[in-house]
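Asks:
4 protein chains.
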Amino acid sequence: MPGNTFGQLFRVTTWGESHGPAIGAVIDGCPPRLPLTEAVVQAALDLRRPGKGGPAETARSEPDRVEILSGVFEGRTTGTPISLLIWNRDARSEAYDALREVFRPGHGDITYQAKYGIRDHRGGGRASGRETAARVAAGAVAQVLLDRLGIRVTAYTVALGGVRARAFDPEAIETNRLFCPDPEAAARMEARVAEARAAGDSVGGVVEVRAAGVPAGLGEPVFGKLDGELAGALMSIGAVKGVEIGAGFRAAEMTGSEHNDPITPAGFEGNNAGGILAGISNGDELVIRAAVKPIPSIARPQRTVNLRGEAVELRVGGRHDASAIPRIVPVCQAMVRLVLADHVLRARGQGQAIDWPGEGR
Amino acid sequence: MPGNTFGQLFRVTTWGESHGPAIGAVIDGCPPRLPLTEAVVQAALDLRRPGKGGPAETARSEPDRVEILSGVFEGRTTGTPISLLIWNRDARSEAYDALREVFRPGHGDITYQAKYGIRDHRGGGRASGRETAARVAAGAVAQVLLDRLGIRVTAYTVALGGVRARAFDPEAIETNRLFCPDPEAAARMEARVAEARAAGDSVGGVVEVRAAGVPAGLGEPVFGKLDGELAGALMSIGAVKGVEIGAGFRAAEMTGSEHNDPITPAGFEGNNAGGILAGISNGDELVIRAAVKPIPSIARPQRTVNLRGEAVELRVGGRHDASAIPRIVPVCQAMVRLVLADHVLRARGQGQAIDWPGEGR
Amino acid sequence: MPGNTFGQLFRVTTWGESHGPAIGAVIDGCPPRLPLTEAVVQAALDLRRPGKGGPAETARSEPDRVEILSGVFEGRTTGTPISLLIWNRDARSEAYDALREVFRPGHGDITYQAKYGIRDHRGGGRASGRETAARVAAGAVAQVLLDRLGIRVTAYTVALGGVRARAFDPEAIETNRLFCPDPEAAARMEARVAEARAAGDSVGGVVEVRAAGVPAGLGEPVFGKLDGELAGALMSIGAVKGVEIGAGFRAAEMTGSEHNDPITPAGFEGNNAGGILAGISNGDELVIRAAVKPIPSIARPQRTVNLRGEAVELRVGGRHDASAIPRIVPVCQAMVRLVLADHVLRARGQGQAIDWPGEGR
Amino acid sequence: MPGNTFGQLFRVTTWGESHGPAIGAVIDGCPPRLPLTEAVVQAALDLRRPGKGGPAETARSEPDRVEILSGVFEGRTTGTPISLLIWNRDARSEAYDALREVFRPGHGDITYQAKYGIRDHRGGGRASGRETAARVAAGAVAQVLLDRLGIRVTAYTVALGGVRARAFDPEAIETNRLFCPDPEAAARMEARVAEARAAGDSVGGVVEVRAAGVPAGLGEPVFGKLDGELAGALMSIGAVKGVEIGAGFRAAEMTGSEHNDPITPAGFEGNNAGGILAGISNGDELVIRAAVKPIPSIARPQRTVNLRGEAVELRVGGRHDASAIPRIVPVCQAMVRLVLADHVLRARGQGQAIDWPGEGR
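Going line by line, the protein sequences match chains Z, Y, G and X.
According to the working numbering, the first sequence is numbered sequentially starting from 250.
According to the working numbering, the second sequence is numbered sequentially starting from 250.
According to the working numbering, the third sequence is numbered sequentially starting from 250.
According to the working numbering, the fourth sequence is numbered sequentially starting from 250.
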């Protein structure tokens, strides 16, 4: 099937270009009778909203007001498709005229042109990070289901521009713009972002996502493994170049006796598994990390080619972030929410005893 | 959908347990009129076959003869489903009787029990690495299509037990049992495996896969991105705990000006992108790495619990590898083949001009 | 997967309730570089628009203006999702207050309540015929692709209220409100509708769809047969209770020597097959018929029950058609268009040589 | 996706050609812990087995022994894929040599050639009715799940060669080879078949399927409607040319007041709906009918063409039925079973309270 739909039973289809009239998502398969309001979705959107200021952020300021156009009746979901719409209000498309015929390095311009023979060059079109706003909105709806099951998904920054978080204070995550659980590291990360921006450059980082309260038994062997789908989901975010679960790449250097988490009557000792064994959740906390590349749109001059294949020098103007992290943390959270909501329903659809309050009738 | 099917248009469904009567795969969507014989599939299977000796390998020796039961007529595919069957001949199930009520640490025993309330404990049942033989067989069929397009997929070991390959000699890959492109490193890797085995332990490693000849334009935004599907495909291999594309986790520490691959009239300079931009192949070589955990079945005593939740000490007997690498390299290759064959057909199905000799009629 | 998506490669997801803010469709998989404007979609919508007058029609008059929110750039499709939106402007929801707790016979009120435990009772909610406007809009986009291949899909009325068309004048179809190819029968059908309406009743009918220019080779054995998918597509229209292909139910009374269409060097003699053999198009014209039940909303008093299971007498007020035919003919046409566009892409995706002008690059 | 897989959550993939080594099915998504033995599947297969004698039947006699190769452990399903295999033992392929270059009228020979450019001509290859044995086997597995929910699916012949059943004695169905519930009609049907066979001809008929015990709430609006999927499922049987639900084509001639089934506190009065309203089961009995065309392989000479497009006269030899009914009745039953098992799981996967004994854990 074409690639704009995610999930099997909790299915999300996103649509829209950065500088088209609007973007949106259609959610099909959300169970009925769950409480849902625009305010709940809006709160999630506000977390990834640009325009909160700070050196890592674009100057483009959009209210990103979400509208629910279907699937909700008198404050509850009805089991029919939920259509979410966000108008593109502040799109200065003319700023992109210079890019109509030039391929920005590190961007999808050249591959969209190769694939489709046509592309909406304005703001990256469909490949813009703006598309992820629709994912975040859909993730908020998924969380309404996860709430019923007591599943909580937390995303935060563990590295940025070479600066690593060394402490983990969950309270701190929401206190800084970079979603860093280590306030001291957050300050150094901000300095690193400011430095990169001043140099006309950008920096990457690492996002970690944890999911607590996940029941054992989610995930479908052998190709629908929970870790496989989480990896695919996070790698479907444009800037992500690597994904790891639990011990991740460190596991490659461990011995079996180091890596195996002993099982005790009280549960697992350690969590090198990242909460997943043989692709199925083991009841422990899920731990996933995503490597985020530096934003490719930089002010420094770059060598590239135009539509006619001629060499040109490019200086990307417009409004761009110096780090994708402040936007990508909520997107990583959203993708994990979508994976889990889908697997909750898939587990039920295989006959597993996964229930939520108010679900039975 | 349930999890035993991979791909959208080149669809592979695998089935079978380690100690059931047989394992197999059904391929639906393979284009017609491609040459296909059992010998071609057998050659791929022989690469991952245990019993070639060496300290990393299990003593279980199976010929793994594949039979093609359908979909081929007079040496050519017919467009109908291709059923591949491999009998399980040498399965000493009684060796696993001790594991009927005990959960092996690091294995799926406990999660299968949690998910299904029943499991075939013999040899890991469905979670056994043996299932991947069916993937390798299917991958060989995929390669027949890729051959027509000039796409070559190479997989090899870049790290094992902490030893890293420092040279890349493609000729060397097939000359050693570990598929290592650096003969000197291969020797040290073998020593590391022997050391781990002697200690009743096991080691992990890193597998790299390259695909050359991939046309630009494969991959579907936004959820069917080529890198997203490659990541999901490799993470669907039981022992894989991390996946990265191109610069991968190193990208998180780079600046945009370092990471962006300049575009010149002659092509890209550098390949930090790993051959993929915005989820779509850019015509360059694909480069993907997978982190493989150490095999969890080790001879050393381990703490675990039984079906009744009681603490027990486990010493895994039976025939086990000290490293999964010799088996997993061909599986990684197979999964990349499957992803590419699927995306070749999906690109055609979107109207892209991707053709192969003898395809048109 | 949930049920609001149709098609594999040309995928349409519809959303929206009769009296919610809007309805719409998202099309994923439409090939790029096809010409597409709102005017083309609007023209198809205008065919099924209520408010054209005549005794079979509801008095509800909506302009049904479609907006294209994504997937089109400078008048051509881009290969990204096409979002179609139609606002619900004229929805007098209060007219339905009496139905909040009463199940209308012949409607989905009682089954939606049983399935979801909640329903938007206003105008039938999601089960309203209004949802089919989104299908017609999507069908118009599908036709843009079919146009490139020279495929034409015609739908018309062959029976209504017991009156059968006896002549077939393709020119006449658009000249009467009932899409009847026999002008004389059309007049008697109108009289039959007026009679039913005067009696507070409604009438059913039979719609026939023909598709010309369909290349041989569309349809996928064994479960994706072209006739199987056409049948499923037409039966997915609320009022349809039967579907037949070619000779259809008459075939059950024929002998093999009568039913088999002889094959000659010039083509088939006769078309009892309806253009499909073994689920695959044979190059002949496709012929499909759908039996449409009488509209269940009638003015006559009916016995039913309320939410508490108590017997009540119901007289349906509001604005209702006396026959669904004028609305359903364009919907049948749209569904056949969607099936064919999907199968054109699926055939390409299997490697078949199906091309259209401007497709190759 | 390619067409050899049926269902969303209870997924069946069939494979195999009439004269290849074997045919089979892989079932993915069958819930765990259900009792399953080869004997249960064999019993269903024996119902459609040729070789029971009688004039409607082919002389080809195959034991059709099914083997379960995976997914069952100690007599219970494990939740992993169930692989069913049936060897083709009695295939006299040389009898088909004459058909290598000739297209039989009414068969898929010409369309397979058009689609694939290659075909296994022996016995119809993939288009053979033999493929349906795999469906019947899979249907037997589906019934094991339906048994837990008290759902019973009955299929029988209501018309054959113009002879209609006028009585309905469920006891009689299994007493005659034609599955006719009217013993007197069964005798006349047999006479009609004998007459057709003597004339070197064949006859069609109508099969009816009823499903009792179906809970209200199965079926997914709008494209996954229960009636839509039943219609598609039955039309996916090669010989079926029409499908109707409840009143079916008669509904087209009824008024709304005649067609609507009144709702009373005790349930529905009448069942013109066939147990389905707005695509969702209403708790009443499902009633579906399929029109079966006469078998196209007849002894009479027929006009056709060969691979080079030259006119030839064909007399089909070999072993052929004079009516497809004795084989198709069990296939219709199987397809309805597959649809219902799938929708039971899909309803659970949407959060509906559909449970079966032993399901919860």
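Where is the CB? At the ideal position from N, CA and C, for every residue including glycine.
In this text the structure is predicted, and so the values were computed from the model without any measurement.
In the stretch 417-476 of chain G, which residue ranges form an unbroken alpha helix (DSSP H) of at least 4 residues, counting only runs that do not cross its ends?
Replies: 432-447, all fully within the stretch 417-476 of chain G.
Asks: For the stretch 314-324 of chain Z and the stretch 283-300 of chain Z, state whether three or more C-beta atom pairs, one from each stretch, are separated by less than 8 Å.
Replies: These segments touch.
Asks: For Y:Arg595, return the contacting residues in chain G, with the cut-off set at a CB-CB distance below 7 Å.
Replies: Within chain G, the residues near Y:Arg595 are Gly598.
Asks: Taking only beta carbons into account, state which residues of the stretch 268-281 of chain X come closer than 8 Å to chain Z, listed in chain order.
Replies: Going along the stretch 268-281 of chain X in chain order, one finds Gly278, Pro280, Pro281 with a Cβ nearer than 8 Å to chain Z.
Asks: Taking only runs that begin and end inside the stretch 259-333 of chain Z, name each unbroken beta strand (DSSP E) of 3 or more residues, in chain order.
Replies: Within the stretch 259-333 of chain Z, the complete beta strand (DSSP E) runs of at least 3 residues are 260-265, 271-277, 315-317.
Asks: Taking Cβ-Cβ distances shorter than 8 Å, what residues in chain B pair up with Z:Gly265?
Replies: Among the protein chains of the structure shown, namely Z, Y, G and X, there is no chain B.
Asks: Report yes or no: is there a C-beta of chain Y within less than 8 Å of the C-beta of G:Leu258?
Replies: Output row for G:Leu258: interface = yes.
Asks: Name the DSSP bridge partner or partners of G:Gln582?
Replies: G:Gln582 pairs with nothing; no bridge assigned.
Asks: For chain X, check one thing: does any of its Cβ atoms lie closer than 8 Å to the Cβ of G:Met503?
Replies: Interface residue, yes.
Asks: Which residues of the stretch 424-455 of chain Z have a Cβ closer than 7 Å to any Cβ of chain Y? Give them in chain order.
Replies: Result list: Ala445, Asp450, Ser451, Val452, Gly453, Gly454, Val455.
Asks: Do X:Asp396 and Y:Thr327 have their C-beta atoms closer together than 8 Å?
Replies: Contact flag unset, no.
Asks: Leaving out the 5 sequence neighbours to the left and right, which residues in its chain are closer than 6 Å to Y:Asn425 when beta-carbon positions are compared?
Replies: Cβ within range, chain order: Ala435.
Asks: Name the one or two DSSP bridge partners that X:Glu493 has.
Replies: Its beta-bridge partners are G:Gly491, X:Arg538.
Asks: What residues from chain Y crowd round X:Ala284, counting only those whose CB sits closer than 7 Å?
Replies: According to the sequence displayed, residue 284 of chain X carries Pro and not Ala. Those within 7 Å of X:Pro284 in chain Y number zero; the least Cβ separation is about 12 Å.
Asks: I need the boundaries of the beta strand (DSSP E) containing G:Ala404, first residue and last residue.
Replies: Counting along the chain, the beta strand (DSSP E) containing G:Ala404 begins and ends at 401-409.
Asks: List the residues that DSSP assigns as beta-bridge partners of Z:Arg552.
Replies: Looking at the DSSP assignment, Z:Arg552 forms a beta bridge with Z:Glu562.
Asks: Name, in chain order, the residues that DSSP records as bridge partners for Y:Leu589.
Replies: Bridge partners of Y:Leu589: none, in fact.
Asks: Are X:Val458 and X:Ala421 touching if we call contact CB-CB under 8 Å?
Replies: It is not a contact, given that the beta carbons lie outside the stated cut-off.
Asks: Less than 8 Å between CB atoms is the rule here; does G:Gly417 satisfy it with respect to chain Z?
Replies: Before going further, note that residue 417 of chain G is Phe rather than Gly in the sequence given. Chain Z contact via Cβ: absent.
Asks: State the beta-bridge partners of Z:Trp336 as determined by DSSP.
Replies: DSSP lists Z:Ala271 as partners of Z:Trp336.
Asks: Using only the alpha-carbon positions, how far apart do Z:Ile400 and Z:Phe259 sit?
Replies: Rounded to whole angstroms, Z:Ile400 to Z:Phe259 spans 16 Å at the Cα level.
Asks: Since Z:Gly516 sits in a beta bridge, which residues does DSSP pair it with?
Replies: Answer by DSSP bridge pairing, in chain order: Z:Thr513.
Asks: Figure out for me which residue from Z:Arg441, Z:Pro545, Z:Gly372 has the closest Cα to the Cα of Z:Gly269.
Replies: Ranking Z:Arg441, Z:Pro545, Z:Gly372 by Cα distance to Z:Gly269 puts Z:Gly372 first.
Asks: Determine, using beta-carbon pairs with one atom in the stretch 511-528 of chain Z and one in the stretch 513-529 of chain Y, whether at least three such pairs fall under 8 Å.
Replies: No: fewer than three Cβ pairs fall under 8 Å.
Asks: Give a yes or no on whether 8 Å exceeds the smallest Cβ distance from Y:Phe322 to chain X.
Replies: Interface residue, yes.
Asks: Quick one: list the residues of chain X neighbouring G:Leu395, beta-carbon separation under 9 Å, in chain order.
Replies: Chain X residues near G:Leu395: none, gap ~19 Å exceeds 9 Å.
Asks: DSSP state of Z:Thr254, grouped into three classes?
Replies: Z:Thr254: strand per DSSP, three-state reduction.
Asks: In angstroms, rounded to a whole number, what distance separates the CA positions of G:Phe255 and G:Arg597?
Replies: Each residue's alpha carbon lies about 18 Å from the other.
Asks: Chain Z partners of Y:Glu224, CB-CB under 8 Å?
Replies: Within the shown structure, residues of chain Y are numbered from 250 to 610, placing residue 224 of chain Y beyond reach of any answer.
Asks: Does the pairing of the stretch 554-564 of chain Y with the stretch 584-602 of chain Y give three or more beta-carbon distances under 8 Å?
Replies: They do not touch, by the three-pair rule.
Asks: Who are the near neighbours of X:Pro543 in its chain, counting only those whose CB is closer than 7 Å to its CB and skipping five residues on each side?
Replies: Cβ neighbours of X:Pro543 beyond the five flanking positions: Ser451, Val452, Gly453.
Asks: To the nearest angstrom, how far is the alpha carbon of Y:Arg576 from that of X:Pro251?
Replies: Distance between the alpha carbons of Y:Arg576 and X:Pro251: 30 Å.
Asks: How about Y:Ser530 and Y:Leu479: are their beta carbons less than 8 Å apart?
Replies: Taking 8 Å as the Cβ cut-off, Y:Ser530 and Y:Leu479 do not qualify as a contacting pair.
Asks: Are there 16 or more other CB atoms within 10 angstroms of the CB of G:Gly324, so buried, or fewer, so exposed?
Replies: Flag for G:Gly324 reads exposed.
Asks: For X:Tyr361, decide whether its Cβ has a neighbour in chain G, counting only Cβ atoms nearer than 8 Å.
Replies: Interface residue, yes.
Asks: Taking Z:Arg397 as part of the alpha helix (DSSP H), name the residues at either end of that continuous run.
Replies: Residues 380-398.
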